[in-house]
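Visitor: Here it is, the structure in full.
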Amino acid sequence: MKHSDLKPWLYLLPAILFLGCFMVYPLIDVFVYSLEEGYNFASQTYFGVGTYNYSYVLHDPYFLQAVKNTLLLVVITVPVSTGLALLISLGLSSIKPLRDLFQTIYFLPYVTNTLAVGLVFMILFQKTEYTDGLVNLMIQWFGGPSVDFIDGPYWAKMTVLCFYTVWVVLPFKILILTSALASVNPDYYKAARVDGTSRFRTFTRITLPMISPMIVYLVITGFIGAFKAYSDAVALFGTDLNAAGMNTIVGYVYDMLYGASGGYPSYASAAAIILFAIVLTITCVNLLVSRRQNQ
Amino acid sequence: MNHPNQTDLERIRQTERRRALVRKALTYMALALWALMVLFPFYWMLLTSVKSYGSYNAERIPALFTLSPTLENYKAAFTAVPLGRYLLNTLVFTVLTTAIMAAVSILAAYAFARLEFKGKNLVFLLFLSLMMIPNELVVITNFATITGLDLRNTFAGLILPSVTSVFYIYLLKENFEQVPDELYKAARVDGTSDFKYLWKVLIPICRPTIVTIIILKIIECWNSYVWPRLVTDNPDLFLVSNGIQEIRENGFGRENIPAMMAAVVVISVPLIALFLVFRKKIMEGVSRGGMKG
Amino acid sequence: MKIVLEHLTKKFPARGKKGEEVTAVRDFTFEIPDGSLIGLLGPSGCGKSTALNLLCGLEAPTEGKIYFGDTDVTDMPPELRGVGMVFQNYALYPHLTVRQNILFPLENLKGKQKLSKEEMNRQAEKAAGLVQIQGLMDRKPRELSGGQQQRVAIARALVKTPNVLLLDEPLSNLDARLRLQTREEIRKIQQETRVTTVFVTHDQEEAMSISDQIVVMKDGIFMQMGRPQEVYDDPASLFVAKFLGNPPINVFKGEVQKETLWLGDQPVLSVRGVPDQPVTVGIRPEGFILTENGPFAASLSRVEVMGRDVSVISAHPCSENFSVRSIITAETPVDRDAGSVHFSLKPSKVFLFHRETGARIPFSIS
Chain X
5 MKHSDLKPWL YLLPAILFLG CFMVYPLIDV FVYSLEEGYN FASQTYFGVG
55 TYNYSYVLHD PYFLQAVKNT LLLVVITVPV STGLALLISL GLSSIKPLRD
105 LFQTIYFLPY VTNTLAVGLV FMILFQKTEY TDGLVNLMIQ WFGGPSVDFI
155 DGPYWAKMTV LCFYTVWVVL PFKILILTSA LASVNPDYYK AARVDGTSRF
205 RTFTRITLPM ISPMIVYLVI TGFIGAFKAY SDAVALFGTD LNAAGMNTIV
255 GYVYDMLYGA SGGYPSYASA AAIILFAIVL TITCVNLLVS RRQNQ
Chain P
335 MNHPNQTDLE RIRQTERRRA LVRKALTYMA LALWALMVLF PFYWMLLTSV
385 KSYGSYNAER IPALFTLSPT LENYKAAFTA VPLGRYLLNT LVFTVLTTAI
435 MAAVSILAAY AFARLEFKGK NLVFLLFLSL MMIPNELVVI TNFATITGLD
485 LRNTFAGLIL PSVTSVFYIY LLKENFEQVP DELYKAARVD GTSDFKYLWK
535 VLIPICRPTI VTIIILKIIE CWNSYVWPRL VTDNPDLFLV SNGIQEIREN
585 GFGRENIPAM MAAVVVISVP LIALFLVFRK KIMEGVSRGG MKG
Chain S
342 MKIVLEHLTK KFPARGKKGE EVTAVRDFTF EIPDGSLIGL LGPSGCGKST
392 ALNLLCGLEA PTEGKIYFGD TDVTDMPPEL RGVGMVFQNY ALYPHLTVRQ
442 NILFPLENLK GKQKLSKEEM NRQAEKAAGL VQIQGLMDRK PRELSGGQQQ
492 RVAIARALVK TPNVLLLDEP LSNLDARLRL QTREEIRKIQ QETRVTTVFV
542 THDQEEAMSI SDQIVVMKDG IFMQMGRPQE VYDDPASLFV AKFLGNPPIN
592 VFKGEVQKET LWLGDQPVLS VRGVPDQPVT VGIRPEGFIL TENGPFAASL
642 SRVEVMGRDV SVISAHPCSE NFSVRSIITA ETPVDRDAGS VHFSLKPSKV
692 FLFHRETGAR IPFSIS
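Residue numbers (the working numbering), protein chains in the order written: chain X, 5 to 299; chain P, 335 to 627; chain S, 342 to 707.
Given below as structure tokens:
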């Protein structure tokens, strides 16, 4: 090989090394792990090859709980956050003064440490022997019964988790939708005004179709993101999510790998692959549906 | 078309104006409400962090302000738990990871954007397809690899798997390609070496994008939790995310929420400051495709 | 429907702290006759588009009144004015088919004006027929050529049978060949529908070729209105004279002394009734007659043969342009090797302007 043929590969070498070691090899290896039955981390031995790991994971009540939690989280937060982001972006793009200020404020959750701010949410929602917490206090003002959102009933815990997740993911969605709205050529709105189009009709017939690619993008990334939820739950309910009954699929993977119940990379791999399969399926369905609608 | 007469018009205009006013007022109210929702947790953590332990626990009904702010919680946050250590660790981790990431990405992007070699398109396609791989799939083996290399509880173990980002390589490559070919040809005519061209011409021209990816990576590093949690169980190597979790679960010896909030404030401030300084850049960078995490 | 403008003025507030208030349209007072095609002409940034937006109702004037016929429409929102508008980039909704685009304005009608499905379709077909795009009704705008998109935009503007049709730079997005063809078509459609039409352009040739009348404006100021040939032959100011005509008018520094126009030391024309003063002189390229001992002498630079006629390019010390261009018929023999060239001037093609204000100074031909 000539010197000049080698040079490009030299530039690529670091990236290839890193990606090879920490992405490509693991990607293959995870499938191998998931098929090795009874793998032992310490001795690095296994009994045989098969699908037992998958069947174990699929019958594990913790996993099923995690799937249920994750699905609920996805089904609730994706539409809520996308809709809310759309409303807020519409509001933002209809005003001039203070717009920059609002945009800056709305973006703040993006740059905060999920774990750290989750702690603030925890104390806002938590009910302890000292205090009912601010949120419960407000519920009581409106005549409702107080409830512990952190250690209480399932629906209450789910509510905070959803609320916090929406709070965390909104900045990104608002940002994307605001710039999508801003990129619609104002001539379309002028043309609509000349024709006397009502506000509602302008929104449904012009604005919405124009920004629909971005909405599809947000829904898909929203699905993927929500399926991978984990640190928000840790932030609110602590590291032992199985005990709290609030584990997510990703949380299950990590718990299987390491932690209180850890040491089972084969189960973790099987769970991770199941997660990947779910996400891939849903993404494909999403794409297909949105493509059909466009035609 | 029959035109409405002037009094009708006047009436139409007045209702229009009134409606527009009401709409504007409602819009501002709704926007302000959400701004309050966003800001309140920040206010609450600041407020709680300056309440003394005693006064906080004496509040059966939380007070919305305090008249006797104290900094003792900040002192506790730095003395009772190794918050300073966590911050330092995170700083080292962030700086090293970001620096290596930048170097690796720039070199790879340059090869894709400017150099000609056999199989370039194929390799690039392979790179791109890696963008779809979720972290969760590869983390398991990486954990095994790092454990096998005996790198748990080391900075190397923390940093190495966090370096690569296909997306940033892609972003940089696109940007490098926008620089006109003529510049490269002119440099070649002048006898400039590839590396010098990259260093002296391409990087200065593409600085905005490079700054953007660096900032995005910094945010990512500062907030990373999952990987550090897996490979470190020695508190001396905890990053802030793990540190805060540690503090929550067994810091301060008792439920000292004000001190916890002081730690949260300390952790949050650097990134918020970074954001306020580079607001435009960060928002632009994120809208070009930065997903959290 | 005739359009009357009375003292129409639009000011935009200053932008930023140091910015100044901008007057995009200043004190427009003129009348556009019913059924005519008017070209609103001016260099870019002169306020043409603002004027169009005022007519359309997208912007409210700061002062002044607009009448459509006898109705004061100044405060009327666009949809009540009965205007159709064609935007520079056509503003066709990309996600709707041609038919849906044309139907869009009709579907907005409410109450008494609401039409049945069949009636809407009938009107859409009619509008499409007018611009000959019936075959394209089920395509999306991106599947059409620029010229076809333009027609769809016109059909959409015409479908409500507006009182007034407004076109913003209708030809600027088309290539040269299509531009010629399309401007003929706009003229034809306008004559078929007899709808009062105002179009905005920065291209003088475009405006001159199809307009009944042109309105020339500059920096928000109304300069002149009239039939294209009138404005060309009788420009009210140096600006109008320079703006109209291709190749452009030749401009000289001159002096009137004792009713004679001097260019440097050459007495080129007698101008009766003009008091002594320094003037700016405009001479149309076709205003030169090659004459052996003509009073206008210049050094010959080159001769460009264009087939039908010949351009003589020369240099004159008083010229404000780089060179002087005169057009003469191809039959006239030109000695290319002669160092200099002599012309006499056609008095009707020579205009005098005030040196400072640029206002036209009339003179009578002796």
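All C-beta atoms in this analysis are idealised placements derived from N, C-alpha and C, irrespective of residue type, glycine included.
1. Given a cut-off of 7 Å, decide if S:M566 and S:V556 are closer than it, judged by their beta-carbon atoms.
2. Is the shortest distance between the beta-carbon of S:D416 and the beta-carbons of chain P less than 7 Å?
3. What is the residue span of the alpha helix (DSSP H) that X:H63 lies within?
4. With DSSP as the reference, label S:E420 as helix, strand or coil.
5. Name, please, each residue of chain S whose Cβ falls closer than 7 Å to the Cβ of P:R347.
6. So is X:L31 in contact with chain P if we call contact Cβ pairs under 7 Å?
7. Taking C-beta pairs closer than 7 Å, name the residues in chain P that X:A276 reaches, listed in chain order.
8. Taking Cβ positions, are S:H543 and S:S385 nearer each other than 7 Å?
9. The beta strand (DSSP E) spanning S:K594 covers which residue range?
10. Using the C-alpha atoms, what's the distance from X:Y256 back to X:A247?
11. Would a C-beta distance cut-off of 7 Å place P:Y322 and X:Y15 closer than the cut-off?
12. For X:N2, decide whether its Cβ has a neighbour in chain P, counting only Cβ atoms nearer than 7 Å.
13. If we ignore side chains and look at the alpha-carbon of each, how far apart do S:L349 and X:V173 end up?
14. Under the assumption that S:K352 contacts S:E362 (Cβ atoms under 8 Å), give the Cβ distance between them as a whole number of angstroms.
15. Apply the 10 Å Cβ neighbour rule to X:D236 and answer buried if 16 or more other Cβ atoms are within range, or exposed otherwise.
16. Applying the 10 Å Cβ sphere with the 16-neighbour rule, what's the burial state of P:R351?
17. When Cβ atoms are compared, which residues of the segment 427 to 455 of chain S fall closer than 7 Å to chain X?
18. Could one say the Cβ of P:A354 lies closer than 7 Å to chain X's Cβ atoms, at least one of them?
19. Given a threshold of 16 other Cβ atoms within 10 Å of its Cβ, counted over all protein chains shown, does S:T502 qualify as buried or as exposed?
20. Looking at chain S, which residues of the segment 209 to 239 of chain X have a Cβ within less than 9 Å of any of its Cβ atoms?
21. Let me know the secondary structure DSSP gives S:E372 once reduced to three states.
22. Have a look at S:R356 and X:P101 and give me their C-alpha separation to the nearest angstrom.
23. What are the residues that DSSP puts in a beta bridge with S:F692?
24. Report yes if the CB atom of S:M426 is closer than 7 Å to the CB atom of S:L507, and no otherwise.
25. Going by C-alpha distance, which of X:K177, X:K232 and X:F26 is nearest X:I215?
26. List the residues of chain X whose Cβ lies closer than 9 Å to the Cβ of S:E420, in chain order.
27. Find the residues of chain S that neighbour X:Y295, judging by a C-beta separation of less than 7 Å, and give them in chain order.
28. Given P:A364, which residues of its chain have a CB within under 8 Å of its CB, disregarding the five upstream and five downstream residues?
29. Can you tell me whether DSSP reads S:D630 as helix, strand or coil?
30. By the criterion of Cβ-Cβ separation under 7 Å, what are the contact partners of X:Y192 in chain S?
31. DSSP three-state label for S:A656, please.
32. Once you ignore the five residues that flank S:G383 on each side, which residues in its own chain have a CB closer than 7 Å to its CB?
33. Where does S:G567 sit, in a helix, a strand or coil, going by DSSP?
34. Consult DSSP for P:Q348 and reduce its assignment to one of helix, strand or coil.
35. List the residues that DSSP assigns as beta-bridge partners of S:M426.
36. For X:W13, name the three-state secondary structure that DSSP assigns.
Guide: Judging by the given coordinates:
1. yes
2. yes
3. Y56 to H63
4. helix
5. D416
6. yes
7. E470, L471 and I474
8. yes
9. N591 to Q598
10. 12 Å
11. Residue 322 of chain P is absent from the structure shown; chain P starts at 335 and stops at 627.
12. Given a span of 5 to 299 for chain X in the structure shown, any question on residue 2 of chain X remains unanswerable.
13. 50 Å
14. 6 Å
15. buried
16. exposed
17. F428, N430, A432, Y434, H436, F445, P446 and N449
18. no
19. exposed
20. R209, I210, P213, M214 and S216
21. strand
22. 14 Å
23. S:G623
24. yes
25. X:K177
26. R197, V198, D199, G200 and T201
27. The sequence given here has Arg at residue 295 of chain X, not Tyr. Going along chain S, no residue has its Cβ under 7 Å from X:R295, so there is no contact; the nearest lies around 14 Å.
28. none
29. The question names Asp, yet the displayed sequence has Ile at residue 630 of chain S. Three-state DSSP puts S:I630 in a strand.
30. A432 and Y434
31. strand
32. K389, H543, V557, M558 and K559
33. strand
34. helix
35. S:L507
36. helix
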